[in-house]
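Participant: Chains A and B, in that order, give the protein sequences. The number in our numbering is simply the position in the first sequence, starting from 1, with 1 added. The number in our numbering is simply the position in the second sequence, starting from 1, with 7 added.
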Amino acid sequence: MHYNTLMYGFIFIAYFALLTWFGHIGYKKSKGLTDFVAGGFNIGLWVSIGMFSATWVSAASVIGFPSMTYQVGLCSITAIYAGYFFANSLMPFLANKLRMPELPARTIPEYLRFRFEPHAKRSGLQALGALSMLLGYLAYVMIQIKAVGIIIATITGIPYFFAVFIFLIFLIYTASGGMWSVGISDLFNTVVIVVTLVIAAGVLLHNAGGWDQMWSTFSAVSTAPVEGGKPTPPGQLTSMLGPYSLSFVIGLFIASSFGGAAAPHWLGRMQMVKNRKIAIATPLYSQLIIGAIFAALLIIGVAGRAILPTIPGGHDTDWLLPILFTQHMPIFIGGLALAGVMAAAMSTANGMLLHQALALNYDIIRNLKKEKIDDEKMIKWNRIIIVLLGVAATALALNPPKLIAIVGALVFGFWGCTYILPTFVGLYWKRFNKQAAYWVSIAGPLTFVVTNKLIKAKMMSDIIPDMVWGLGVGIIGAVILSYMFSPSPKAGWEPYWEEKVSEDTKKTILAAMREVSHPAK
Amino acid sequence: MPFKTVLFWAVCMFSGYIWGFYLLWKVEKSGVKRWGGGAGSMFRMESKPNNR
Chain A
2 MHYNTLMYGF IFIAYFALLT WFGHIGYKKS KGLTDFVAGG FNIGLWVSIG MFSATWVSAA
62 SVIGFPSMTY QVGLCSITAI YAGYFFANSL MPFLANKLRM PELPARTIPE YLRFRFEPHA
122 KRSGLQALGA LSMLLGYLAY VMIQIKAVGI IIATITGIPY FFAVFIFLIF LIYTASGGMW
182 SVGISDLFNT VVIVVTLVIA AGVLLHNAGG WDQMWSTFSA VSTAPVEGGK PTPPGQLTSM
242 LGPYSLSFVI GLFIASSFGG AAAPHWLGRM QMVKNRKIAI ATPLYSQLII GAIFAALLII
302 GVAGRAILPT IPGGHDTDWL LPILFTQHMP IFIGGLALAG VMAAAMSTAN GMLLHQALAL
362 NYDIIRNLKK EKIDDEKMIK WNRIIIVLLG VAATALALNP PKLIAIVGAL VFGFWGCTYI
422 LPTFVGLYWK RFNKQAAYWV SIAGPLTFVV TNKLIKAKMM SDIIPDMVWG LGVGIIGAVI
482 LSYMFSPSPK AGWEPYWEEK VSEDTKKTIL AAMREVSHPA K
Chain B
8 MPFKTVLFWA VCMFSGYIWG FYLLWKVEKS GVKRWGGGAG SMFRMESKPN NR
């Protein structure tokens, strides 16, 4: 046991040391506010793919996917994870337009301002968009922290309470360096994730008796997934719906796919890359890397159930990975695999923490304050807010929700109802106006939350999923309002439709950004 | 492995390449340098600088 702890400790220390080094490279690259917030609109293809892949593969995926596959079977793919791949497939449509302007928005709430109310002195849309990000990222960062807390607590014996704070320190370090620090450390994290998880999957596949034996054992499992739980009905693990109704699965799929594609961190990242082609190519190339990672995770979940039909020790299925990696493979490989899980959690959490802090500092405070705030002060305040929000998410992680994957999908549903229509429709329909955007930002997520609660309390039929209600109310109101009121002003639509924009449009956008010239030139 | 689930996953994963490659081709054809257009191939992200 002592030797095991030393080995894991050595691997974790090596991981965090390398992470710190890569993060430091990014610190040095951030020279001003646009570098800090948006990578200077100059992020190249490989850093972009690294950021994208690493952020995509979060603890919700690495722990949640095998956990859900273990518990309820292959409906984890149909309900949620295939939806995430479809989200990647949809992203080129958004990337194609979001990176058209010579001067894109620095954040995605700022896109709402530029597109729908570019002349506003203070933008309510920017603030509303930021509010949804603040709440959503609090939940999502909490999920990552929970995952790493479980790992560190399991391996080292350090109480979960202290384990989560250890993770917090490194999280704050990489997030505080701005978008370059996040991006470069994510390149490193992507390599760690791919290599370690593929190796771990190979070992577990071997332990399960090979491909055919693994599937045969998995299909026949009928024990309870957790001690004291209900036994798994025969055949459920290989069914496309599992224990869920068709409408519930459809609702989760829509939340994961359309909601996933319109998640504010993806939208924001599409605006940061060097050019429009890189924005389109990033999700396409990343899909292959993510596909390899998810194939490994599927094997881990399926082989896990074949090797260990019930999770021991009174734990829930989110503990599957720590148990498999510490008890069912050689120590060194298990340690590497656990580093892969930490890399997944870190690479998602640092970007989300940064986006969350920017949502508060840049999109709410800077937006709504009358006076311009000095760039240096903005960056300093952003670092302070990162610490405060990180502590808040950690405090939540001390009493976390049980099934990671379902919570992740609900967050995407909330964002989806906020951002899907102003992007998928707003970027391709000139007529979509400010009133429609306000309607969608308020009525959409409210409808989603209310119908979600009513359906869960069985006060409403679940034939129409909550996500469809949210989007339906949004689109109907948006179309009516788009025809009742005038379209967006020229400065709002021109950058997303024309290669060259008028001088008036340029001046309007610069004024909205509170700059006098292009901030990245 | 159940075939229907694999097929569903594959469609979700690869459908994006159909319209994604089309959009890359359109940007390349536009010739607009700041978009990465006119680089010589839809898979080349930006033009090479001219070296004298």
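Glycine included, C-beta positions come from ideal geometry on N, C-alpha and C.
(1) Taking the beta carbon of A/F333 as the centre, do at least 16 other beta carbons fall within 10 Å, making it buried, or is it exposed?
(2) Can you check the stretch 192-242 of chain A for any alpha helix (DSSP H) of at least 4 residues that lies completely inside it and give the ranges in chain order?
(3) Within the present structure, is the beta-carbon of A/F66 separated from the nearest heavy atom of the ligand SAH by less than 8 Å?
(4) In its own chain, which residues sit with a C-beta less than 7 Å from the C-beta of A/L285, not counting the 5 before and 5 after it?
(5) Counting only C-beta atoms, is A/Q288 closer than 9 Å to chain B at any point?
(6) Identify the residues that DSSP records as bridge partners of A/V274: which are they?
(7) DSSP three-state label for A/I464, please.
(8) Would you list, in sequence order, the uninterrupted alpha helix (DSSP H) runs of no fewer than 4 residues that lie entirely inside the stretch 306-361 of chain A?
(9) Just how far apart, CA to CA, sit A/Y363 and A/R116?
(10) Which residues mark the beginning and the end of the alpha helix (DSSP H) in which B/V26 is found?
(11) Find the nearest neighbour of A/Y497 within the set A/Q72, A/G51, A/H25 and A/L99, judged by alpha-carbon distance.
(12) May I ask which residues mark the beginning and end of the alpha helix (DSSP H) holding A/I64?
(13) So, at 6 Å on beta carbons, what are the nonlocal neighbours of A/R306 in its own chain, with the 5 sequence-adjacent residues on each side left out?
(14) Please tell me whether A/T197 and A/A340 are closer than 9 Å, where the distance is taken between their beta carbons.
(15) Taking Cβ-Cβ distances below 9 Å as the criterion, which residues of the stretch 499-520 of chain A are in contact with chain B?
(16) Please name the residues in the stretch 208-236 of chain A whose beta-carbon is closer than 8 Å to at least one beta-carbon of chain B, in chain order.
(17) From the DSSP output, in three-state form, read off A/G260 for me.
(18) Quick one: residues in its chain with C-beta nearer than 7 Å to the C-beta of A/A394, no 5 flanking neighbours on either side, listed in chain order?
(19) Looking at the unbroken alpha helix (DSSP H) that takes in A/W440, where does it start and where does it end?
(20) Could you spell out where the alpha helix (DSSP H) holding A/K508 opens and where it closes?
(21) Skipping 5 residues on each side, what residues in its chain have a beta carbon closer than 6 Å to that of A/V392?
(22) Kindly confirm or deny that the stretch 73-80 of chain A and the stretch 269-282 of chain A touch, where touching means at least three C-beta pairs closer than 8 Å.
(23) Between the stretch 246-254 of chain A and the stretch 465-483 of chain A, are three or more C-beta pairs nearer than 8 Å?
(24) So what's A/F13 in DSSP terms, helix, strand or just coil?
(25) From the beta carbon of B/K36, is the nearest beta carbon of chain A less than 9 Å away?
(26) Applying a beta-carbon distance threshold of less than 9 Å, which residues of chain B neighbour A/T239?
(27) Listing by chain order, which chain D residues have their CB less than 7 Å from the CB of A/P93?
(28) For A/L397, which residues of its own chain have a beta-carbon under 6 Å away from its beta-carbon, when the five flanking residues on both sides are left out?
(29) Beta-carbon of B/G47 versus every beta-carbon of chain A: anything under 9 Å?
(30) Should A/E372 be labelled buried (16 or more other beta-carbon atoms within 10 Å of its own) or exposed?
(31) Less than 8 Å between the CB atoms is what I'm expecting for A/A513 and A/V474, so what's the real figure, rounded?
(32) Whose CA, out of A/K370, A/F86, A/E228 and A/Q272, lies closest to the CA of A/S257?
Facilitator: According to the data block:
(1) The residue is exposed, with fewer than 16 neighbouring Cβ atoms inside 10 Å.
(2) The stretch 192-242 of chain A contains these whole alpha helix (DSSP H) runs: 212-221.
(3) The ligand SAH is not among the ligands present in this structure, which contains no ligands whatsoever.
(4) If we look at A/L285 and ignore the five residues flanking it on each side, its Cβ neighbours are P93.
(5) Yes, its Cβ sits closer than 9 Å to a Cβ of chain B.
(6) Looking at the DSSP output, A/V274 sits in a beta bridge with A/I44.
(7) If DSSP states are grouped into helix, strand and coil, A/I464 belongs with coil.
(8) Counting only runs of 4 or more, we get 321-328 and 332-359.
(9) Per the coordinates, the alpha-carbon of A/Y363 lies some 17 Å from the alpha-carbon of A/R116.
(10) Contrary to the premise, residue 26 of chain B reads as Trp rather than Val in this sequence. Residues F10 to S37.
(11) Taking only the C-alpha atoms, the option nearest A/Y497 is A/L99.
(12) No alpha helix (DSSP H) contains A/I64, which DSSP labels as neither H nor E.
(13) Once the five neighbours on either side are set aside, the close Cβ partners of A/R306 are Y71, F219 and V222.
(14) Yes. Within cutoff.
(15) Residues of the stretch 499-520 of chain A whose Cβ lies closer than 9 Å to any Cβ of chain B, in chain order: E500.
(16) Answer set for the stretch 208-236 of chain A: W216.
(17) Correct three-state label for A/G260: helix.
(18) Answer for A/A394: L139, V142, M143 and I146, listed in chain order.
(19) Taken as a continuous stretch (DSSP letters only), the alpha helix (DSSP H) holding A/W440 covers K435 to K457.
(20) That run of the alpha helix (DSSP H) goes E504 to M514.
(21) Contacts found: none.
(22) No contact exists between the stretch 73-80 of chain A and the stretch 269-282 of chain A.
(23) Taking one beta carbon from each stretch, the stretch 246-254 of chain A and the stretch 465-483 of chain A have 3 or more pairs nearer than 8 Å; the two touch.
(24) Here DSSP, grouped into helix, strand and coil, assigns A/F13 to helix.
(25) Answer no: the Cβ-Cβ gap between B/K36 and chain A never drops below 9 Å.
(26) Those within 9 Å of A/T239 in chain B are M8, P9 and T12.
(27) Given the protein chain composition of this structure (A and B), no chain D is represented.
(28) The answer, listed in chain order, is M143.
(29) Cβ-Cβ to chain A under 9 Å: no for B/G47.
(30) An exposed status is given to A/E372, since fewer than 16 other beta-carbon atoms sit within 10 Å of its beta-carbon.
(31) Wrong, their Cβ atoms sit about 29 Å apart, outside the cutoff.
(32) Comparing Cα-Cα distances from A/S257 to each of A/K370, A/F86, A/E228 and A/Q272, the minimum goes to A/F86.
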